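Chemist: Under the working numbering, the first residue of the sequence shown is numbered 207, with each subsequent residue one higher.
Ideal Cβ positions, reconstructed from N, Cα and C, are used throughout, including at glycine.
Here the structure is a predicted model, which means the values were calculated and not measured.
Got a structure for you, written out below as structure tokens; questions coming shortly.
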Amino acid sequence: MPYFVERYPADRDRSAPWSLVIGMLFLVGVAAFLIWYFALKPDRNQLLNPNAQPRQVVPASDPDAQEMQRITVFQKTYGSVVNVDTLRLQRLGRTGLAERAQGTGSGFMWDEAGRIVTNFHVIKDALAINNDNQVVIQDSATIRITLSDRTAWNARLVGIAPDSDLAVLQITVPESKIKPLPLGTSADLQVGQTVYAIGNPFGQSLTFTAGMISALDREIESSTDRPITGVIQTDASLNPGNSGGPLLDRDGRLIGVNTAITSPNGGSVGIGYAIPVDLVNTVVTELIRTGRQARPALGVVLLPDREMQQLRLERGVMIAQVYPNSAAAKAGLRGILQDQVSGKIELGDILIGADGVEFKEKQEFLDFMRRVNIGQEVTFDVIRAGEQIQVKVRLEGI
């Protein structure tokens, strides 16, 4: 007869204790909940007070001298600061058109005629060259100025100075809305001076930040790769959108135009740069007069490098012609001359360097001229009739 072992009854016996444990835990949990709910749960009525009143305000102390200075500067100047927005018409469907924001920056009122100063790079995407070779606002673009009272006005282009990253716009508004900033000077600035910036960072209009001058005579590059010298470095917080806004001293005077930052992530790390106001004053005045930026020049025609090589002259650039009444003529520089009687040719002055910079060819001279400014006095090293001399020239603009 086969021998069978009945396993199921034995299995049920072994699982019985676990069922008991689970049941007991469930009962304990239910008991704990009931105890909490009926005995320990806080009375909600004790959390509310129908007679509650607002807390009494503790009176503020008067602003200290530093706070009062900041408040005063902002109150005096914020009405002069504007938002500069570029917009472009975008087609919607077959017939619809809508304006789309393209870029944003800052600016400030320059004079009683409603002229606005900003950075060239803030508006450059809205510009084009027309058939007359003039720079104009594109037909599909608009440059819109928003004032501190939030009214918006379309701007006209007065002039641009890409080499200095400056531009001048103009709006037609009621006289009561025009509040030009008072002008300071950058000639006597000192490291450690308190400065303030007002602008439109990340689209947040009329943002006011404070800091100090961290360094002077910095050099940055414009959008045309021309160096802008004498730049102010500040730790006042500047971010994208601050470009074109004013840098102010503690009296609320304009001392610079905020134009760039050094940042690994695109935000402020305390290294911002402003174009010095003395340069701004010169460039903006020229733009208002002529619509274009004057460039520093000697007022000479230079001999091509090829002809220099034919004359076996290994360094420098020769002056072929000096324009009458130019900076070079006033300093006594000479071009190539021919004796009217004998026909003998006298070579012009050879410029071999200036202010410690050596000229081996024409391009090095041109690079040097891109780094100097109108009105700057430059000492040129000159070879004249085989002798080396120095000639001081005060540069003029063309």
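In whole angstroms, give me the CA-to-CA distance for T468 and K330.
Modeler: Approximately 21 Å, taken between the alpha carbons.
Chemist: Exposed or buried, what is V374 when buried is set at 16 or more other beta-carbons lying within 10 Å of its beta-carbon?
Modeler: Classification for V374: buried.
Chemist: Using alpha carbons as the reference points, say which of G458, G447, V599 and G472 lies closest to T465.
Modeler: Out of G458, G447, V599 and G472, G447 has the C-alpha closest to the C-alpha of T465.
Chemist: With contact counted as at least three CB pairs below 8 Å, one residue from each stretch, are the segment 313-321 and the segment 286-295 in contact?
Modeler: Cβ pair count under 8 Å is three or more, so yes.
Chemist: To the nearest angstrom, how far is it from the Cα of F565 to the Cα of I595?
Modeler: Rounded to the nearest angstrom, the two C-alpha atoms are 15 Å apart.
Chemist: Among G554, F574 and T488, whose alpha-carbon lies nearest the alpha-carbon of I580?
Modeler: Checking every option, the nearest Cα to that of I580 belongs to T488.
Chemist: Verify whether the separation of the beta carbon atoms of A503 and A526 is less than 8 Å.
Modeler: Taking 8 Å as the Cβ cut-off, A503 and A526 do not qualify as a contacting pair.
Chemist: Less than 8 Å separating the beta-carbons of Y529 and G505?
Modeler: Yes, they are a contact pair.
Chemist: Which residues mark the beginning and the end of the alpha helix (DSSP H) in which V489 is found?
Modeler: Note, V489: alpha helix (DSSP H), V483 to T496.
Chemist: Could you tell me which of A367, R498 and A403 sits nearest to S449, measuring between CA atoms?
Modeler: Measuring from the Cα of S449, the nearest candidate turns out to be A403.
Chemist: For the structure I just gave you, are there three or more beta carbon pairs, one from the segment 421-440 and one from the segment 362-374, closer than 8 Å?
Modeler: Cβ pair count under 8 Å is three or more, so yes.
Chemist: Is the beta carbon of I349 closer than 8 Å to that of A361?
Modeler: Yes, these two residues count as a Cβ contact at 8 Å.
Chemist: Sorted by chain position, which residues of the same chain lie with C-beta nearer than 6 Å to R577's C-beta, five sequence neighbours on each side aside?
Modeler: For R577, where only same-chain residues beyond five positions count, the Cβ hits under 6 Å are P433.
Chemist: Alpha carbons only, please: which of G562, I481, N445 and V486 is nearest the one belonging to R424?
Modeler: When only C-alpha atoms are compared, the closest one is I481.
Chemist: Report yes if the CB atom of I556 is closer than 8 Å to the CB atom of I542, and no otherwise.
Modeler: Their beta carbons are not under 8 Å apart, which means I556 does not touch I542 by this criterion.
Chemist: Looking at C-alpha atoms only, which residue of L353, E305, Q399 and V486 is the closest neighbour of S346?
Modeler: That would be E305, whose Cα lies nearest to the Cα of S346.
Chemist: Write down the C-beta distance between P452 and V437 rounded to the nearest angstrom, noting that I regard them as a contact closer than 8 Å.
Modeler: The Cβ separation is near 15 Å, so there is no contact.
Chemist: So which of Q439, L460, L519 and R459 has the shortest CA-CA distance to I426?
Modeler: Answer by Cα proximity: Q439.
Chemist: Assign Q544 to one of three DSSP states: helix, strand, or coil.
Modeler: DSSP places Q544 in strand when its eight states are reduced to three.
Chemist: Would you list, in sequence order, the uninterrupted alpha helix (DSSP H) runs of no fewer than 4 residues that lie entirely inside the segment 327-384?
Modeler: Those alpha helix (DSSP H) runs which fall completely within the segment 327-384 and span 4+ residues do not exist here.
Chemist: Is V588 near V597, with beta carbons less than 8 Å apart?
Modeler: Against a cut-off of 8 Å, the Cβ pair of V597 and V588 comes out as a contact.
Chemist: For T310 and V584, I'd like the C-alpha separation in whole angstroms.
Modeler: Rounded to the nearest angstrom, the two C-alpha atoms are 39 Å apart.
Chemist: How about L372 and V264: are their beta carbons less than 8 Å apart?
Modeler: No, Cβ-Cβ distance for L372 and V264 is not below 8 Å.
Chemist: Report yes if the C-beta distance between I494 and R321 is below 8 Å; otherwise report no.
Modeler: Yes; because the gap between Cβ atoms is below 8 Å, this pair is in contact.
Chemist: If you reduce the DSSP assignment to three classes, tell me which class Q399 lands in.
Modeler: Coil, per DSSP.
Chemist: Which value, in whole angstroms, describes the spacing of the CA atoms of N531 and G538?
Modeler: The straight-line gap from Cα to Cα measures roughly 10 Å.
Chemist: Please state whether DSSP places Q439 in a helix, a strand or coil.
Modeler: Of the three classes helix, strand and coil, the one that applies to Q439 here is strand, per DSSP.
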